[in-house]
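Residues in the sequence shown are numbered from 482 upward in steps of one, following this note's numbering.
The next block holds one structure in the form of structure tokens; read it before the comments.
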Amino acid sequence: MLSPLFSHLLIPFLVAMFLAINMGGSGTSPSFASAFGAQLIRRGRIPGLFGLMVFLGALIAGKETAMTIGKGIIATDYMTLTVTTCILLSVALSLLMANLLGIPQSTSQATVFAISGAALYFRSLNTQKVFLEIVPTWFILP
């Protein structure tokens, strides 16, 4: 029999792993397509380089990105484990559909809109944060 804590954390963990797989699928191809197509890099080196770059990106800009996305869009009172799992699942399914259709999609944009959807449901959306701080940066730094 599973402990209540284990079973309570298992579903969010599995959803997070599903999201991570889809993030890897959507990010690897656009990142290395040109270099691979020009035969500047071998196929076997792409996963290692991609993993290294993701790790470095998380170290360099991860905290600021998490703070921007994690604060201010929705009141923290609503960010329960269930709501967070639903947000992660909606992002993962969105990325999966985009990957299957071969359409590039931004993970951060999908995440912001998934959080915004939850915030709209709870009538807690901070439109100033989304439309005056986050969305304009997508036009400046796509």
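Note that CB positions come from ideal geometry on N, CA and C, so glycine has one too.
Item	Value
CB contact flag (serine 512, alanine 556, <8 Å)	no
Buried versus exposed, by CB contacts within 10 Å (16 or more), alanine 595	buried
Methionine 560 to threonine 549 span [Cα, whole Å]	15 Å
Cβ shell of serine 575 (< 8 Å), same chain only, five flanking positions each side left out	Gln586, Ala591 and Ala595
Cβ-Cβ separation, isoleucine 554 to alanine 600 (assumed contact under 8 Å), whole Å	6 Å
Backbone CA spacing between alanine 573 and serine 484 [nearest angstrom]	27 Å
CB contact flag (serine 515, alanine 579, <8 Å)	no
Separation of valine 611 from proline 617, as counted between CA atoms	9 Å
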